[in-house]
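Residue numbers (our numbering): 1056 to 1363.
Even for Gly, the Cβ is constructed at its ideal location relative to N, Cα and C.
Keep in mind that this is a model prediction, so the values were computed, not measured.
Here's the structure we're looking at; comments come further down.
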Ligand SMILES: CC(C)(COP(=O)(O)OP(=O)(O)OC[C@H]1O[C@@H](n2cnc3c(N)ncnc32)[C@H](O)[C@@H]1OP(=O)(O)O)[C@@H](O)C(=O)NCCC(=O)NCCS
């Protein structure tokens, strides 16, 4: 059976930086409140989901030494599509000249990890190369007069190329979960703005990350002590710290980028992964744990043995 390996990666964020002080100029909030309660210092705002996705995807293809012609399937994880129909993956498909199929995947902030597991499955089913992108423009569904949400969100995209390999597969274990009875906690109706019950989400999120990560690690025959790099969804620095502490993973072993980008939903894990790679924090043979949670609620974890 073919294995799968990540061979390229890239990221894209809008140029426009919006600091906490910028938001405090129009909202009843402060840099101190936002930093202390969320860990966010600034975020990037602008662009379109397709535009950011194309930029990140192009860099990932270039890094893997490939073009769109080489890709059998494009998976675009997004909660903020450009339109309801067609899928935003259609625009990205054209922009990158993807030879194969293309589809959108919406599992809210867990979307990238859902996509990663799906991409491995596609390779098992015979695809040779899959481009997986997480791209979001949460700023477009945010009420900028609502301080409780405006301070949290950011825009961006991250992408990886997965290729079939004769060697062992990178994916050692995974866990996907959902509980639709909690869907009222985070939602956006057609034409409306994002609504979130932050306190309840917080409570469920820490539990979800711990439980889901533990199951994925168990399936891989590993424990948190084996994790070289933990790449969690970036929704709140306090959620990351609480989950990492309970898993016994110290700060040297986890990635935090929320200070720079805020919550970018399904783009947050690939953005954090690409940052870690650019900082040289991952070496071949390292064990990587990715874990996300989001609206639905959904949660998802994957354990990779990094091939490099
Ligand atoms: C949203 C979140 C940051 C709020 O932090 P919190 O510590 O729970 O804060 P609370 O909601 O209890 O609010 C505390 C106070 O700050 C106020 N407040 C809320 N937003 C504020 C802001 N931007 N600036 C200043 N004050 C604010 C509240 O009105 C409240 O005031 P009160 O005590 O007078 O009623 C936090 O709950 C969170 O991150 N939740 C998880 C969100 C998440 O993960 N979402 C993404 C899912 S993918």
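May I ask you to check if the CB of residue i is nearer than 7 angstroms to at least one heavy atom of ligand 1?
i: residue 1229; result: no
i: residue 1092; result: yes
i: residue 1084; result: yes
i: residue 1345; result: no
i: residue 1044; result: For the chain, the structure presents residues 1056 to 1363; residue 1044 sits outside this window and is missing.
i: residue 1075; result: no
i: residue 1153; result: no
i: residue 1254; result: yes
i: residue 1098; result: no
i: residue 1158; result: no
i: residue 1241; result: yes
i: residue 1260; result: yes
i: residue 1322; result: no
i: residue 1089; result: yes
So, for residue i: in the same chain, excluding its five sequence neighbours on each side, which residues have a beta-carbon less than 6 angstroms away from its beta-carbon?
i: residue 1162; result: 1169, 1353
i: residue 1303; result: 1279
i: residue 1330; result: 1312
Within the same chain, show all residues whose beta-carbon is closer than 7 angstroms to that of residue i, passing over the 5 residues directly before and after it, in chain order.
i: residue 1082; result: 1202, 1205
i: residue 1255; result: 1240
i: residue 1259; result: 1237, 1352
Apart from the five residues on each side of it in sequence, which residues of its chain come closer than 8 angstroms, Cβ to Cβ, to residue i?
i: residue 1179; result: 1056, 1057, 1059
i: residue 1074; result: 1086, 1096, 1097
Could you check if residue i is buried or exposed, using at least 16 other CB atoms within 10 Å of its CB as the buried criterion?
i: residue 1184; result: buried
i: residue 1289; result: buried
i: residue 1070; result: exposed
i: residue 1139; result: exposed
i: residue 1108; result: buried
i: residue 1287; result: buried
(request) Any chance you could list the alpha helix (DSSP H) runs of at least 4 consecutive residues sitting entirely within the region 1129 to 1170, in chain order? (result) 1143 to 1151
(request) Note down, one range per segment and in chain order, each beta strand (DSSP E) of at least 3 residues found wholly within the region 1220 to 1262. (result) 1226 to 1233
(request) List in chain order: all unbroken beta strand (DSSP E) runs of 3+ residues lying wholly within the region 1265 to 1298. (result) 1284 to 1287
(request) Can you check the region 1305 to 1355 for any alpha helix (DSSP H) of at least 4 residues that lies completely inside it and give the ranges in chain order? (result) List check, alpha helix (DSSP H) in window: 1313 to 1316, 1323 to 1333.
(request) Jot down the residue ranges of each uninterrupted beta strand (DSSP E) in the region 1062 to 1129, minimum 3 residues, whole runs only, in chain order. (result) 1072 to 1074, 1097 to 1099
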